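Following: one structure in C-alpha coordinates, then a few remarks.
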Amino acid sequence: MRRALLMTLILLAAAAARPPLEPADPQDWWNQVLASRAVKAAEKIEPPSDEQVPYRTAYYHISMSLEPGGSPLIASARTTLDIEGLTDGLEEVALDLVDLVVDYVLENGSPASYTHADGLLTVSLNAPLDSGETTSIAVGYHGDPSDGMWYSTANGGVVYTCGCPFASRNWFPCRDWNFEKAPATIAVTIGDGYDVTSNGHLVSDVPVVNGRHRVTFESRDPIAPYLIMFSATDYSHYRDWFHGENDVPIDYYLYPGMEEDAHADFDYTVPASMAAFEGLFGSYPFERAGYCVSPLPYGGMEHQTCISLLAALVDGTGANYIIFVHEMAHQWWGDAVTARTWKECWLNEG
1 MRRALLMTLI LLAAAAARPP LEPADPQDWW NQVLASRAVK AAEKIEPPSD EQVPYRTAYY
61 HISMSLEPGG SPLIASARTT LDIEGLTDGL EEVALDLVDL VVDYVLENGS PASYTHADGL
121 LTVSLNAPLD SGETTSIAVG YHGDPSDGMW YSTANGGVVY TCGCPFASRN WFPCRDWNFE
181 KAPATIAVTI GDGYDVTSNG HLVSDVPVVN GRHRVTFESR DPIAPYLIMF SATDYSHYRD
241 WFHGENDVPI DYYLYPGMEE DAHADFDYTV PASMAAFEGL FGSYPFERAG YCVSPLPYGG
301 MEHQTCISLL AALVDGTGAN YIIFVHEMAH QWWGDAVTAR TWKECWLNEG
(Lines of atoms letter the chains of each structure in order from A; the text may use other names.)
(Lines give C-alpha, C1' and ligand atoms only; values in the text may rest on other atoms or scores of the structure.)
Protein backbone atom coordinates (compact mmCIF):
# COMPACT_ATOMS: atom_id res chain seq x y z
CA MET A 1 0.00 0.00 0.00
CA ARG A 2 1.40 3.35 -1.01
CA ARG A 3 -1.54 5.67 -0.60
CA ALA A 4 -4.13 6.39 2.01
CA LEU A 5 -7.28 4.34 1.66
CA LEU A 6 -9.40 7.25 0.53
CA MET A 7 -6.98 8.05 -2.26
CA THR A 8 -7.10 4.47 -3.53
CA LEU A 9 -10.88 4.47 -3.50
CA ILE A 10 -10.80 7.37 -5.96
CA LEU A 11 -8.87 5.13 -8.35
CA LEU A 12 -11.38 2.28 -8.28
CA ALA A 13 -13.49 3.24 -11.25
CA ALA A 14 -10.53 3.59 -13.57
CA ALA A 15 -8.79 0.50 -12.24
CA ALA A 16 -11.87 -1.70 -12.60
CA ALA A 17 -12.17 -0.86 -16.28
CA ARG A 18 -8.64 -1.84 -17.28
CA PRO A 19 -7.76 -5.33 -18.55
CA PRO A 20 -5.73 -7.80 -16.46
CA LEU A 21 -2.09 -6.77 -16.19
CA GLU A 22 0.94 -8.92 -16.78
CA PRO A 23 3.46 -9.39 -13.96
CA ALA A 24 6.20 -8.22 -16.33
CA ASP A 25 4.81 -4.69 -16.01
CA PRO A 26 5.52 -3.97 -12.33
CA GLN A 27 4.47 -0.33 -12.31
CA ASP A 28 1.06 -1.22 -13.69
CA TRP A 29 0.84 -4.05 -11.19
CA TRP A 30 1.42 -1.50 -8.46
CA ASN A 31 -1.42 0.68 -9.72
CA GLN A 32 -3.64 -2.39 -9.71
CA VAL A 33 -2.84 -3.28 -6.12
CA LEU A 34 -3.93 0.14 -4.89
CA ALA A 35 -7.44 -0.41 -6.16
CA SER A 36 -7.56 -4.09 -5.19
CA ARG A 37 -6.58 -3.52 -1.59
CA ALA A 38 -8.99 -0.62 -1.24
CA VAL A 39 -11.91 -2.75 -2.39
CA LYS A 40 -11.11 -5.53 0.06
CA ALA A 41 -10.57 -3.19 2.99
CA ALA A 42 -13.77 -1.29 2.28
CA GLU A 43 -15.83 -4.49 2.34
CA LYS A 44 -15.42 -4.89 6.10
CA ILE A 45 -13.82 -1.94 7.79
CA GLU A 46 -15.51 -1.67 11.20
CA PRO A 47 -14.21 -4.12 13.84
CA PRO A 48 -16.20 -5.31 16.84
CA SER A 49 -15.88 -3.32 20.04
CA ASP A 50 -14.02 -4.66 23.05
CA GLU A 51 -17.39 -5.13 24.74
CA GLN A 52 -18.58 -7.34 21.88
CA VAL A 53 -15.49 -9.57 21.95
CA PRO A 54 -14.26 -9.76 25.56
CA TYR A 55 -11.12 -11.85 25.02
CA ARG A 56 -7.84 -11.65 23.16
CA THR A 57 -5.44 -13.98 21.38
CA ALA A 58 -2.23 -14.43 23.37
CA TYR A 59 -0.39 -16.75 20.93
CA TYR A 60 -0.83 -18.30 17.46
CA HIS A 61 0.42 -21.85 16.79
CA ILE A 62 -0.15 -22.60 13.08
CA SER A 63 0.86 -25.98 11.64
CA MET A 64 -0.10 -27.39 8.25
CA SER A 65 0.76 -30.09 5.75
CA LEU A 66 0.56 -28.95 2.12
CA GLU A 67 0.13 -30.73 -1.21
CA PRO A 68 1.28 -28.22 -3.87
CA GLY A 69 -0.73 -28.65 -7.05
CA GLY A 70 -3.07 -31.12 -5.34
CA SER A 71 -6.51 -30.84 -3.86
CA PRO A 72 -6.96 -30.06 -1.11
CA LEU A 73 -3.96 -27.77 -1.01
CA ILE A 74 -4.12 -27.83 2.79
CA ALA A 75 -4.12 -31.59 3.28
CA SER A 76 -4.30 -31.18 7.04
CA ALA A 77 -3.77 -28.35 9.48
CA ARG A 78 -4.02 -27.55 13.12
CA THR A 79 -4.08 -24.02 14.50
CA THR A 80 -3.99 -23.57 18.26
CA LEU A 81 -4.89 -20.21 19.76
CA ASP A 82 -4.07 -19.32 23.35
CA ILE A 83 -7.00 -17.19 24.50
CA GLU A 84 -7.08 -14.82 27.47
CA GLY A 85 -10.36 -13.70 28.98
CA LEU A 86 -10.91 -9.96 29.40
CA THR A 87 -14.14 -10.28 31.39
CA ASP A 88 -15.66 -12.81 33.77
CA GLY A 89 -17.91 -15.67 32.68
CA LEU A 90 -16.88 -15.99 29.03
CA GLU A 91 -18.74 -19.00 27.59
CA GLU A 92 -17.84 -19.02 23.90
CA VAL A 93 -15.17 -17.86 21.48
CA ALA A 94 -15.89 -16.79 17.89
CA LEU A 95 -13.16 -17.10 15.25
CA ASP A 96 -13.08 -16.13 11.59
CA LEU A 97 -12.62 -19.14 9.27
CA VAL A 98 -13.84 -19.08 5.68
CA ASP A 99 -14.60 -22.06 3.38
CA LEU A 100 -12.26 -24.59 4.99
CA VAL A 101 -13.58 -27.86 6.46
CA VAL A 102 -13.33 -28.17 10.24
CA ASP A 103 -12.33 -31.67 11.36
CA TYR A 104 -12.32 -31.16 15.13
CA VAL A 105 -12.06 -28.56 17.89
CA LEU A 106 -10.33 -29.15 21.21
CA GLU A 107 -10.12 -27.04 24.34
CA ASN A 108 -7.05 -27.87 26.40
CA GLY A 109 -6.95 -31.26 24.69
CA SER A 110 -10.60 -32.17 25.30
CA PRO A 111 -13.31 -32.15 22.60
CA ALA A 112 -15.31 -28.93 22.46
CA SER A 113 -18.64 -28.34 20.77
CA TYR A 114 -18.76 -25.82 17.96
CA THR A 115 -20.71 -24.45 15.02
CA HIS A 116 -19.21 -23.30 11.73
CA ALA A 117 -21.38 -21.20 9.44
CA ASP A 118 -21.09 -18.04 7.35
CA GLY A 119 -17.34 -17.80 7.89
CA LEU A 120 -17.60 -17.87 11.69
CA LEU A 121 -16.39 -20.71 13.91
CA THR A 122 -18.09 -20.45 17.30
CA VAL A 123 -16.59 -22.62 20.04
CA SER A 124 -18.45 -23.35 23.28
CA LEU A 125 -15.99 -23.41 26.15
CA ASN A 126 -16.05 -26.43 28.44
CA ALA A 127 -16.09 -24.11 31.46
CA PRO A 128 -16.60 -20.33 31.78
CA LEU A 129 -13.41 -18.29 31.43
CA ASP A 130 -12.81 -15.37 33.78
CA SER A 131 -10.76 -12.24 33.24
CA GLY A 132 -7.03 -12.98 33.25
CA GLU A 133 -7.54 -16.72 32.80
CA THR A 134 -6.29 -18.48 29.68
CA THR A 135 -7.41 -21.45 27.66
CA SER A 136 -6.17 -23.17 24.51
CA ILE A 137 -8.39 -23.75 21.46
CA ALA A 138 -7.08 -26.16 18.80
CA VAL A 139 -8.82 -26.37 15.43
CA GLY A 140 -8.12 -29.19 12.97
CA TYR A 141 -9.10 -28.47 9.38
CA HIS A 142 -8.34 -28.99 5.69
CA GLY A 143 -9.39 -27.65 2.30
CA ASP A 144 -8.65 -25.37 -0.63
CA PRO A 145 -8.46 -21.70 0.37
CA SER A 146 -10.55 -19.39 -1.80
CA ASP A 147 -8.29 -16.44 -0.98
CA GLY A 148 -5.21 -15.63 1.06
CA MET A 149 -3.20 -18.72 -0.01
CA TRP A 150 -2.41 -19.74 -3.57
CA TYR A 151 -0.50 -22.32 -5.59
CA SER A 152 1.30 -21.21 -8.76
CA THR A 153 3.34 -23.20 -11.27
CA ALA A 154 5.92 -20.37 -11.37
CA ASN A 155 9.48 -21.46 -10.56
CA GLY A 156 8.42 -25.11 -10.65
CA GLY A 157 5.73 -24.55 -8.02
CA VAL A 158 5.08 -21.90 -5.37
CA VAL A 159 2.72 -21.90 -2.39
CA TYR A 160 2.39 -18.43 -0.89
CA THR A 161 0.08 -16.37 1.28
CA CYS A 162 -1.10 -12.79 1.69
CA GLY A 163 -3.80 -12.01 4.23
CA CYS A 164 -4.17 -8.28 3.60
CA PRO A 165 -6.63 -6.99 4.57
CA PHE A 166 -9.06 -9.77 5.63
CA ALA A 167 -7.86 -13.01 4.02
CA SER A 168 -5.89 -14.66 6.81
CA ARG A 169 -9.23 -16.20 7.84
CA ASN A 170 -9.10 -18.11 4.54
CA TRP A 171 -6.13 -20.23 5.67
CA PHE A 172 -6.13 -20.26 9.47
CA PRO A 173 -8.74 -19.55 12.17
CA CYS A 174 -8.23 -16.25 13.95
CA ARG A 175 -9.88 -13.04 14.99
CA ASP A 176 -8.97 -11.42 11.69
CA TRP A 177 -8.50 -7.85 12.88
CA ASN A 178 -5.47 -5.59 12.87
CA PHE A 179 -5.43 -5.16 16.64
CA GLU A 180 -5.30 -8.90 17.40
CA LYS A 181 -1.51 -9.00 17.69
CA ALA A 182 0.31 -11.87 19.39
CA PRO A 183 3.52 -13.87 18.98
CA ALA A 184 3.23 -16.74 16.50
CA THR A 185 4.76 -20.03 15.43
CA ILE A 186 4.26 -21.15 11.81
CA ALA A 187 5.17 -24.74 10.84
CA VAL A 188 4.85 -25.98 7.24
CA THR A 189 5.26 -29.60 6.16
CA ILE A 190 5.94 -29.91 2.43
CA GLY A 191 8.02 -31.82 -0.13
CA ASP A 192 11.80 -31.69 0.07
CA GLY A 193 11.99 -29.66 -3.16
CA TYR A 194 10.36 -26.70 -1.44
CA ASP A 195 12.21 -24.23 0.76
CA VAL A 196 10.09 -22.26 3.21
CA THR A 197 10.37 -18.77 4.65
CA SER A 198 8.07 -17.06 7.11
CA ASN A 199 7.93 -14.48 9.89
CA GLY A 200 10.55 -14.17 12.59
CA HIS A 201 13.45 -16.60 12.89
CA LEU A 202 13.98 -20.14 11.66
CA VAL A 203 13.52 -22.58 14.56
CA SER A 204 14.02 -25.91 12.80
CA ASP A 205 14.00 -27.74 9.47
CA VAL A 206 13.57 -31.46 10.08
CA PRO A 207 12.91 -34.40 7.74
CA VAL A 208 9.67 -36.32 8.06
CA VAL A 209 8.36 -39.32 6.11
CA ASN A 210 7.97 -39.78 2.35
CA GLY A 211 10.47 -37.18 1.14
CA ARG A 212 8.98 -34.32 3.10
CA HIS A 213 10.28 -31.91 5.70
CA ARG A 214 8.77 -29.66 8.35
CA VAL A 215 10.03 -26.08 8.58
CA THR A 216 9.18 -24.03 11.67
CA PHE A 217 9.52 -20.27 12.13
CA GLU A 218 8.71 -18.24 15.22
CA SER A 219 7.85 -14.56 15.55
CA ARG A 220 8.64 -13.62 19.13
CA ASP A 221 7.29 -10.15 18.47
CA PRO A 222 3.50 -9.69 18.39
CA ILE A 223 2.13 -9.80 14.86
CA ALA A 224 -1.25 -8.90 13.34
CA PRO A 225 -3.09 -11.68 11.46
CA TYR A 226 -2.82 -9.91 8.10
CA LEU A 227 0.98 -9.85 8.44
CA ILE A 228 1.37 -13.58 9.16
CA MET A 229 2.73 -15.35 6.07
CA PHE A 230 4.79 -18.09 4.54
CA SER A 231 6.13 -18.72 1.06
CA ALA A 232 7.42 -22.06 -0.22
CA THR A 233 9.27 -22.84 -3.46
CA ASP A 234 12.76 -23.72 -4.69
CA TYR A 235 14.52 -20.71 -3.19
CA SER A 236 18.04 -19.40 -3.46
CA HIS A 237 18.86 -17.75 -0.13
CA TYR A 238 21.54 -15.32 0.91
CA ARG A 239 22.02 -13.23 4.04
CA ASP A 240 23.26 -9.67 4.45
CA TRP A 241 23.49 -7.59 7.62
CA PHE A 242 22.39 -4.17 8.77
CA HIS A 243 24.81 -2.78 11.33
CA GLY A 244 22.75 -0.08 12.98
CA GLU A 245 21.75 0.37 16.59
CA ASN A 246 21.67 -3.43 16.61
CA ASP A 247 23.07 -5.99 14.19
CA VAL A 248 20.08 -7.21 12.16
CA PRO A 249 20.24 -10.09 9.65
CA ILE A 250 18.62 -9.40 6.27
CA ASP A 251 17.52 -12.59 4.50
CA TYR A 252 16.74 -12.68 0.78
CA TYR A 253 14.74 -15.58 -0.72
CA LEU A 254 14.92 -15.55 -4.53
CA TYR A 255 14.17 -17.74 -7.48
CA PRO A 256 17.38 -19.41 -8.69
CA GLY A 257 19.16 -17.17 -11.22
CA MET A 258 18.00 -13.90 -9.64
CA GLU A 259 21.03 -13.47 -7.37
CA GLU A 260 22.93 -10.96 -9.52
CA ASP A 261 19.88 -8.75 -10.00
CA ALA A 262 19.08 -8.98 -6.30
CA HIS A 263 22.56 -7.87 -5.25
CA ALA A 264 22.29 -4.91 -7.63
CA ASP A 265 18.85 -3.92 -6.33
CA PHE A 266 19.23 -4.60 -2.62
CA ASP A 267 22.78 -4.55 -1.29
CA TYR A 268 23.05 -0.77 -0.99
CA THR A 269 19.41 0.33 -1.02
CA VAL A 270 18.07 -1.84 1.79
CA PRO A 271 20.70 -1.17 4.51
CA ALA A 272 20.76 2.52 3.53
CA SER A 273 17.00 2.79 3.89
CA MET A 274 17.09 1.03 7.25
CA ALA A 275 19.75 3.47 8.47
CA ALA A 276 17.64 6.42 7.32
CA PHE A 277 14.52 5.10 9.05
CA GLU A 278 16.44 4.40 12.26
CA GLY A 279 17.52 8.03 12.24
CA LEU A 280 13.91 9.14 11.87
CA PHE A 281 11.94 6.59 13.88
CA GLY A 282 14.32 4.75 16.20
CA SER A 283 15.80 1.24 16.23
CA TYR A 284 14.69 -1.33 13.68
CA PRO A 285 11.86 -2.96 15.64
CA PHE A 286 12.31 -6.69 14.93
CA GLU A 287 14.81 -9.52 15.19
CA ARG A 288 15.24 -9.94 11.44
CA ALA A 289 14.58 -8.19 8.13
CA GLY A 290 14.20 -9.64 4.67
CA TYR A 291 12.46 -10.02 1.34
CA CYS A 292 11.08 -13.00 -0.56
CA VAL A 293 9.80 -13.18 -4.13
CA SER A 294 6.62 -14.90 -5.25
CA PRO A 295 3.82 -14.49 -7.82
CA LEU A 296 2.22 -12.08 -5.34
CA PRO A 297 -0.94 -10.57 -6.85
CA TYR A 298 0.25 -7.24 -5.43
CA GLY A 299 3.50 -5.43 -6.13
CA GLY A 300 4.73 -5.74 -2.56
CA MET A 301 3.42 -6.56 0.89
CA GLU A 302 4.97 -5.55 4.19
CA HIS A 303 4.86 -8.94 5.88
CA GLN A 304 6.60 -8.57 9.23
CA THR A 305 10.35 -9.42 8.93
CA CYS A 306 9.77 -11.05 5.51
CA ILE A 307 8.52 -8.58 2.89
CA SER A 308 6.89 -10.22 -0.13
CA LEU A 309 7.66 -8.89 -3.60
CA LEU A 310 6.40 -9.67 -7.07
CA ALA A 311 9.41 -11.40 -8.62
CA ALA A 312 9.36 -9.15 -11.71
CA LEU A 313 10.24 -6.15 -9.53
CA VAL A 314 13.72 -7.53 -8.83
CA ASP A 315 15.34 -6.83 -12.20
CA GLY A 316 18.74 -5.38 -11.29
CA THR A 317 18.00 -1.91 -12.64
CA GLY A 318 17.19 -0.23 -9.33
CA ALA A 319 14.11 1.27 -10.96
CA ASN A 320 11.76 -0.22 -8.36
CA TYR A 321 13.69 0.94 -5.30
CA ILE A 322 10.77 3.06 -4.11
CA ILE A 323 8.72 -0.11 -3.57
CA PHE A 324 11.53 -1.85 -1.67
CA VAL A 325 12.01 1.21 0.53
CA HIS A 326 8.29 1.80 1.00
CA GLU A 327 7.73 -1.74 2.24
CA MET A 328 10.72 -1.47 4.57
CA ALA A 329 9.24 1.70 6.09
CA HIS A 330 6.18 -0.37 6.98
CA GLN A 331 8.27 -2.39 9.42
CA TRP A 332 8.06 0.68 11.66
CA TRP A 333 4.67 2.01 10.50
CA GLY A 334 2.16 -0.76 9.87
CA ASP A 335 3.98 -3.66 11.51
CA ALA A 336 5.51 -2.38 14.77
CA VAL A 337 2.84 0.35 15.02
CA THR A 338 -0.38 -0.99 13.53
CA ALA A 339 -3.56 0.94 12.79
CA ARG A 340 -6.44 -0.48 14.82
CA THR A 341 -8.76 -0.42 11.80
CA TRP A 342 -8.35 0.19 8.07
CA LYS A 343 -9.97 3.58 8.53
CA GLU A 344 -6.69 4.63 10.16
CA CYS A 345 -4.45 3.17 7.45
CA TRP A 346 -3.23 6.68 6.58
CA LEU A 347 -0.99 6.24 9.64
CA ASN A 348 1.07 3.69 7.71
CA GLU A 349 0.40 4.85 4.16
CA GLY A 350 0.55 8.63 4.51
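The sequence shown begins at 1 in this note's numbering and counts up one residue at a time. Where is the CB? At the ideal position from N, CA and C, for every residue including glycine. Just so you know, these numbers come straight off a predicted model, no measurement behind them.
#### Entry: Residue span of the beta strand (DSSP E) that contains H61, given as start and end
That run of the beta strand (DSSP E) goes 55 to 66.
#### Entry: Any beta strand (DSSP E) of 3 or more consecutive residues that is wholly inside the segment 180 to 214
Qualifying beta strand (DSSP E) stretches, in chain order: 182 to 191, 195 to 198, 201 to 208.
### Task
Ignore the nearest five residues each way along the sequence and tell me which others in E92's own chain have a CB closer than 8 Å to its CB.
Hits under 8 Å: T122, V123, S124, L125.
### Run of the alpha helix (DSSP H) containing L347, from where it starts to where it stops
Segment 346 to 349, the alpha helix (DSSP H) holding L347.
### Query
Can you tell me the Cα-Cα spacing of E107 and Y114, whole angstroms?
So the two alpha carbons sit approximately 11 Å from each other.
### Query
Hey, R288 and V337: beta-carbon distance below 8 Å or not?
No, Cβ-Cβ distance for R288 and V337 is not below 8 Å.
### Message
Using a Cβ-Cβ cutoff of less than 7 Å, which residues in the same chain neighbour R340 once the five nearest sequence positions on both sides are dropped?
### Response
N178, F179, listed in sequence order.
### Query
With a Cβ-Cβ cutoff of 8 Å, do D103 and P173 count as a contact?
No, Cβ-Cβ distance for D103 and P173 is not below 8 Å.
### Message
Taking the straight line between their C-alpha atoms, what separation do you get for R215 and A232?
### Response
Note that residue 215 is Val in the sequence shown, not Arg. Computed Cα separation, rounded: 10 Å.
### Query
To which residues does DSSP link I223 through a beta bridge?
BP columns for I223 point to A182.
### Message
Mapping the DSSP letters down to three states, classify M274 as helix, strand or coil.
### Response
It is helical.
### Message
Let me check one thing: in DSSP terms, what residues is S110 bridge-paired to?
### Response
Note: S110 sits in a beta bridge opposite E107.
#### Entry: Residues bridged to Y298 [DSSP beta-bridge criterion]
Its beta-bridge partners do not exist; DSSP assigns none.
### Task
Using the Cα positions of G109 and E344, report the straight-line distance between them to the nearest angstrom.
If I take the Cα positions, the gap works out to 39 Å.
### Task
Report yes or no: do the segment 252 to 266 and the segment 305 to 324 share at least 3 C-beta pairs separated by less than 8 Å?
Using a Cβ-Cβ distance cut-off of 8 Å, the segment 252 to 266 and the segment 305 to 324 are in contact, since at least three pairs of beta carbons, one from each stretch, lie closer than that value.
### Query
With C-beta atoms as the reference, is P68 less than 8 Å away from G143?
Annotated as distal: P68 and G143, with beta-carbon spacing of 8 Å or more.
### Task
Give the DSSP-derived three-state secondary structure of M328 in the structure shown.
Residue state for M328 is assigned as helix, using DSSP reduced to three classes.
### Close Cβ partners of D261 (< 6 Å) along its chain, the five nearest in sequence each way excluded
So the list reads V314, D315, G316, once near-sequence residues are dropped.
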